[in-house]
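Position one of the sequence shown corresponds to residue 0 (numbering that gives the first Met the number 0), numbered consecutively onward.
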Amino acid sequence: MSLQQEIDKRRTFAIISHPDAGKTTLTEKFLLFGGAIKTAGAVKQNKIKKSATSDFMEIEKQRGISVATSVMGFEYNGKKVNILDTPGHKDFAEDTYRTLTAVDSVILVVDSVKGVEEQTERLMEVCRMRRTPVIIFVNKMDREGRSPVDILDELEKKLQINVRPLTWPISQGKSFQGVYSLYEQKLNLFKPEQTKITEHTVEITNIDDPELDRWIPGAFSTQLREDIELIEGVYEPFDLELYLEGMLAPVFFGSAVNNFGIREMLETFLEIAPVPDERETDQRIVKASEDKLTGFVFKIHANLDPNHRDRTAFFKICSGRFQRNTFYFHTRLGKKIRFANPTQFMANEKNLIDDAWPGDVVGLYDNGSLKIGDTLTEGEELQFRGIPSFSPEIFKEVINRDPFKAKQLEKGIRQLTEEGVAQLFMQYGNRKIVGTVGELQFDVIKFRLEHEYGAACDFTPLRYYKAFWITPKDKPQYEEFLRRKSSVIAEDKEGHPVFFAESEWMLNVARENYPGVIFHETSEFKTEGAG
Ligand code: G4P
């Protein structure tokens with residue numbers, strides 16, 4: 000198969016949701032459709048349980064297992080589907096953000112009863128920033144939830160994206176009858192079925208077809224006809240271009256646990272979702288169809304088992320063909336490295352591979368030379384963009400508990416932050432401030448410092464609201480700002496100055512008083528300044 004054919008075959012995406020909306024269930028049903036698993040339950044076992052929040056070792060154990068399900072590949076209708084798993088737990092949000100930099104599109108799951116929840120809004124912000132095409136799945140239609148029209152309104156308002164339903168539910172809750180596909184003009188009748196795929200599909204010529212009344216009780220078919228008339232009147236026809244630009248989200252309704260409404264979505268997804276295309280680097284745009292290999296590391300998973308102290312780097316291929324045992328150029332270190340045991344993931348199995356293509360994610364065994372954001376090429380000096388750090392939400396100062404272990408602490412903190420466990424900021428040369436999205440990370444750091452590096456530390460909470468990367472618009476004013484605010488300014492791991500705002504109000508005051516300073520919400524300010 001040619002490189003272009005391999006590219007055209009691939010759909011690399013993530014399923015994201017607020018915890019409990021049904022992400023794991025939907026992932027599992029996709030794998031079931033793809034024949035990658037035989038019965039439901041396989042993915043579920045690997046899920047990080049919400050109940051385990053305080054028990055970090057339990058979570059790590061589960062995370063250890065879940066490395067195999069970090070990327071789930073399967074073939075369906077001649078397409079190679081790569082689902083990149085994202086942790087549902089909110090304390091691992093950074094992991095999720097980074098995974099979103101490696102996908103070509105996203106399926107967002109919303110609970111029809113709860114509607115759009117907080118974490119969904121934040122994930123959507125990241126998608127919007129990157130203009131990632133999004134498909135929305137409104138799940139749990141078998142429950143008494145909000146009306147579909149209300150849900151669509153809420154999606155538009157809270158997620159700030161135009162929506163276009165491609166299927167429409169016929170009633171919901173106890174009287175849920177099924178969905179009508181506006182895209183295919185088919186009626187899919189609901190029959191709860193949790194472990195197998197059985198479907199009852201009726202083809203009708205259009206919504207006025209009397210066949211509809213044969214299958215759907217009178218009141219529901221009347222309602223459906225009214226709804227469809229309303230939708231067709233209110234919403235523009237589905238525009239593929241707008242979807243691919245991340246401006247319009249097609250919406251599907253269904254019930255993941257009952258395996259219902261999934262096939263329509265999967266098949267439409269395979270038809271419309273983008274294939275690996277192009278990606279920005281600091282130097283130029285790289286096209287997937289270029290024959291030389293390029294790619295970047297977006298995630299590192301450390302094995303916490305003291306007997307197997309290895310790390311797996313997740314490498315996303317952006318162009319060309321990846322081959323085992325071939326030397327590639329590590330652009331940050333300026334040296335050549337090769338991989339004898341690259342792996343790929345199929346459902347819950349990890350397999351050695353000889354080659355892989357754009358869109359694929361390869362697991363690389365790493366002994367410490369790779370970090371998040373690293374680029375590999377066949378010799379060209381490139382650095383992929385698009386893996387920004389986002390502001391942490393919890394900040395704490397690291398206090399060394401054992402002066403004789405200062406070196407170990409230094410090394411441990413550096414390595415753990417390189418793995419992406421947390422962000423490290425340095426102040427006055429050696430004051431270390433660690434920033435995370437969740438409290439759990441501090442337990443992770445403490446535990447790992449002790450067990451892996453023999454270092455011990457305490458954390459002193461700092462009352463910062465957010466970190467902002469700053470750059471000058473007016474040099475003298477910027478320098479004055481750095482001088483005057485030195486107590487709330489530090490450097491990130493690349494040496495870029497960061498301002499810690501104590502509150503939103505303080506940020507606004509700083510913005511007003513220092514118009515010569517630009518405040519950025521992410522570390523990649525060359526493209527994404529918050530002004
Ligand atoms: P998550 O990964 O987004 O956190 O959600 P997950 O798939 O684990 O689903 C959360 C709960 O919602 C699960 O119930 C799951 O069975 C249920 N669920 C998923 N899809 C549907 C649906 O279409 N209808 C209904 N009624 N429920 C659905 P649980 O009790 O937390 O877990 P379990 O004991 O069922 O495994």
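Just so you know, even glycine gets a beta-carbon here, dropped at the ideal spot from N, CA and C.
Keep in mind that this is a model prediction, so the values were computed, not measured.
- Put simply, the backbone Cα of T325 is about 43 Å away from that of F518.
- Contact annotation, P391 with V436: C-beta distance approximately 6 Å; criterion of less than 8 Å satisfied.
- Taking 6 Å as the cut-off, one finds at least one heavy atom of the ligand G4P near enough to the beta carbon of K22.
- Taking the C-beta atoms as reference points, S16 is found no nearer than 7 Å to K8.
- DSSP places E396 inside the beta strand (DSSP E), whose first and last residues are 393–399.
- Secondary structure within the stretch 322–349: the beta strand (DSSP E) runs of 3 or more consecutive residues, fully enclosed, are 327–329, 334–336, 342–345 (chain order).
- Cβ-Cβ distances below 7 Å link D457 to I398, R400 in the same chain, with the five nearest sequence neighbours on each side left out; the list follows chain order.
- Under the three-state reduction of DSSP output, Y364 falls in the strand class.
- The alpha carbon of A20 has as its nearest neighbour, out of T11, A255, V133, the alpha carbon of A255.
- R127 and E228 have their alpha carbons spaced roughly 30 Å apart.
- Secondary structure at N138: strand, using DSSP grouped into helix, strand and coil.
- Within the same chain, and ignoring the five residues on either side of S522 in sequence, the residues whose Cβ sits closer than 7 Å to its Cβ are P387, S388, W468, D491, H495.
- Three or more Cβ pairs closer than 8 Å define a contact, and the stretch 319–333 falls short of that threshold against the stretch 419–435.
- One thing to note: N340 has its Cβ no nearer than 7 Å to the Cβ of K28.
- Runs of the alpha helix (DSSP H) lying entirely within the stretch 248–304, each at least 4 residues long, are 261–271 in chain order.
- For the set E380, F344, P357, the Cα lying nearest the Cα of G333 is the one of E380.
- In the three-state DSSP reduction, A101 falls in the coil class, being neither helix nor strand.
- In this model, V516 and F498 are separated by some 11 Å (Cα to Cα).
- CA-to-CA, the gap between D149 and P164 works out to about 13 Å.
- For T200, there is no enclosing alpha helix (DSSP H); the residue is part of the beta strand (DSSP E) that begins and ends at 199–202.
- When C-alpha distances from Q118 are compared across G77, I371, P132, E93, the shortest belongs to E93.
- Only residues of its own chain outside the window of five on either side were considered, and among them A67, T68, S69, V70, M71, G72, N350, V360, G362 have a CB closer than 8 Å to the CB of F344, listed in chain order.
- Distance check between G294 and each of G319, E409, E235 places G319 closest, using alpha-carbon atoms only.
- Under the three-state reduction of DSSP output, Y179 falls in the strand class.
- Within the same chain, Cβ atoms closer than 8 Å to the Cβ of L99 are found at A13, I15, T85, V105, L122, V125, C126, R129, T131, the five residues on either side in sequence being excluded.
- Per DSSP, the unbroken alpha helix (DSSP H) holding D7 starts and ends at 2–8.
- Residue nearest to K370 within the set Y75, I352, E418 is E418 (criterion: CA-CA distance).
- Under DSSP, D110 shares a beta bridge with G114, N138.
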